[in-house]
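Asks:
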Amino acid sequence: MSSGRGIDYSAWDHIYVSDDEDVSSPFVDTASLYRMRHRTRLERTSELEQREKDLRRNMSECKRRINQAQDRLKELGDESQVQDRLKELGDESQDQGRLGELGDSRANSSTQSQDIHRELAELRAHLKGFEAMLEVHEREKRRQPWNVDTISKQGFSKSVVNTRTDAPEEKPEEGISFGDKYDKEIRHFGLLRRWEDSQSYLSERPHLVCEETASALVHICISMEREQKQALMGQVAHQAIVMKFILDLAQGLKVDPRGCFRLFFSRIKTADQLYLDAFDQELELLKQRVRSSAQSLTKEEEEEDEEEVEEEEEEEEEEEEEEEDDEGEDAEGENNQRPRLGPGGLDPREVYTSLPQEMQRGFDEKNVEILQRAMDTLHPEEAKFHLRRCIESGLWVPD
């Protein structure tokens, strides 16, 4: 409220604000006391609001019923006018029966009208009572001291989200790892020696500030150690520790590493001896791990080479044995394929197949009697022919 003499601040003379400056007993939990006060104040405010809602709801109900009663009175008034008009018409027509019915109807309408008037009087009295209670409630509400929950209300709400200014993180193409895609840039960063050069290089290529770069630098260190390039290995290991410290700083601050690498370079340039000693200690530990990994890989490769040589020798021996076996089988096959000739130069298998069935049965059963009977049944010339062939093939050995 403003006036010619300035602003009137009396409206804020009685403000109840419970904060940490309130004096309380040392034997009372201050935080619990404040929570209890706040909960009590909220409950009291909720009761006042509920009471106001109930009063306004009752007032609305009274007004609705008053309007309904007034509508019914209006309908009764219209009906009374109709009855008066009918009465006039009845007087003119001298219809006594009709007049009696109209009189009874007017009496009923009068009774209903009186009932409605009484109901209206009661409803208006209730409405005045609710209005009076609402006025008292408003005065009581205005007398309530202001507090942190009621001193102001939110006029509008607006959220502002800052957009990212950093370039989005580049995802490697499918089938190509991050180290392979940016191998040239990572190797260039690994050979930088000055803090300013490293910071400038990462500022131009912020996508290199990540775990993949640190891992790629360690792999490069191992490769250089195996190639006996200790000086280059030490330089790349130094840059790997730089990347590790940047990532650790980002994890501690819970921010994106690309947004805090400048803070690391600012800190390392003005760092105390304790921080630099920790950096050097991490660097030496990394060099030791790189040497150990390189030795392990070299040893594994030597063992693999030895195993390959042994496997090749075993394969050669197996091939030689297989060749020897094949030669032996070929020789046996040739021997098997050669016909076994008898004393007279005839093949016993061919001679056997040419014999009569009875003689074949005799040879199968090794029964001389069957052979003799078979020979007796043949023509003498034919029997002599078969006997000669059996002797020359070795099927029959004469005494």
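In this note's numbering, the protein residues as written are 4 to 402. Virtual Cβ for every residue (Gly too), placed ideally from N, Cα, C.
1. What's the gap between the Cα of phenylalanine 356 and the Cα of glycine 348?
2. Assign isoleucine 225 to buried or exposed, taking buried as 16 or more other Cβ atoms, counted over all protein chains shown, within 10 Å of its Cβ.
3. So what does DSSP say about aspartate 98, is it helix, strand or coil?
4. Could you tell me whether the segment 32-49 touches the segment 148-162, using the rule of 3 or more Cβ pairs below 8 Å?
5. Sort Ile69, Arg42, Met136, Lys66 by Cα distance to arginine 54 and report the nearest one.
6. By DSSP's criteria, isoleucine 69 is part of a beta bridge. Which residues make up the other side?
7. Using 8 Å as the threshold, is the C-beta distance between arginine 67 and isoleucine 119 below it?
8. Tell me, to the nearest whole angstrom, how far the beta carbon of leucine 250 is from that of glutamate 214; I am working on the premise that it is less than 8 Å.
9. Within 10 angstroms of the Cβ of phenylalanine 181, are there 16 or more other Cβ atoms? Answer buried if so, exposed if not.
10. Pick helix, strand or coil for isoleucine 154, following the three-state DSSP scheme.
11. Would DSSP call isoleucine 225 helix, strand or coil?
12. For serine 116, which of Glu143, Ala72, Trp149, Val245 has the nearest alpha-carbon?
13. Here's a check: name, in chain order, each residue in its chain whose Cβ is nearer than 6 Å to the Cβ of leucine 126, leaving out the five neighbours to either side.
14. Below 8 Å between beta carbons: does that hold for glycine 193 and valine 239?
15. Can you tell me the Cα-Cα spacing of glutamate 303 and leucine 288, whole angstroms?
16. Taking the CB atoms as reference points, tell me whether alanine 297 and arginine 229 lie closer together than 8 Å.
17. Please name the residue or residues paired with isoleucine 189 in a DSSP beta bridge.
18. What do you reckon, are the CB atoms on alanine 243 and alanine 217 nearer than 8 Å?
19. Of all the alpha helix (DSSP H) runs that stay within the bounds of the segment 247-298, which reach a length of 4 or more residues?
20. Mapping the DSSP letters down to three states, classify isoleucine 403 as helix, strand or coil.
21. Rounded to the nearest angstrom, how far is the Cβ of histidine 185 from that of leucine 211, given a contact under 8 Å?
22. From the beta carbon of tryptophan 198, is the nearest beta carbon of chain C less than 8 Å away?
23. Let me make sure I understand the geometry here. Which of Glu368, Glu384, Arg391, Met362 has the alpha-carbon closest to that of alanine 377?
24. Got a sec? Which residues, its chain only, sit under 6 Å from methionine 62 by beta carbon, not counting five neighbours each side?
25. Which residues in the same chain have their Cβ closer than 7 Å to the Cβ of lysine 144, if we skip the five residues on either side of it in sequence?
26. Where does isoleucine 223 land, buried or exposed, given buried means 16+ other C-beta within 10 angstroms?
27. Would you report the Cα separation of aspartate 11 and histidine 41, rounded to the nearest angstrom?
28. Between which two residues does the alpha helix (DSSP H) containing proline 351 stretch?
29. Could you check where the alpha helix (DSSP H) with tryptophan 198 kicks off and where it finishes?
Replies: Working from what's here:
1. Rather than phenylalanine, the amino acid found at residue 356 in this sequence is threonine. Going from the Cα of threonine 356 to the Cα of glycine 348 covers about 16 Å.
2. buried
3. Note that aspartate 98 scores 47 on pLDDT, short of 50, meaning its location in the model is unreliable and no value can be drawn from it.
4. Contact holds: three or more Cβ-Cβ distances are below 8 Å.
5. Met136
6. Answer is none; isoleucine 69 lacks a bridge partner.
7. no
8. Taking the Cβ atoms as the reference, leucine 250 lies roughly 6 Å from glutamate 214, within the contact range of under 8 Å.
9. buried
10. Of the three classes helix, strand and coil, the one that applies to isoleucine 154 here is coil, per DSSP.
11. Helix.
12. Ala72
13. Cys65, Arg68, Ile69
14. yes
15. 23 Å
16. Yes. Within cutoff.
17. Note: isoleucine 189 sits in no beta bridge, so no partner.
18. yes
19. List check, alpha helix (DSSP H) in window: 264-272.
20. An answer regarding residue 403 cannot be provided, because it is not within the stretch 4 to 402 covered by the chain.
21. The amino acid at residue 185 is misidentified as histidine; the sequence shows tyrosine. About 7 Å; that satisfies the 8 Å criterion.
22. Among the chains of the structure shown, chain C does not appear; only one protein chain is present.
23. Met362
24. Closer than 6 Å at the Cβ level, and outside the excluded window around methionine 62, lie Phe133.
25. Leu51
26. buried
27. Rounded to the nearest angstrom, the gap between the Cα atoms of aspartate 11 and histidine 41 is 29 Å.
28. 351-357
29. 198-207
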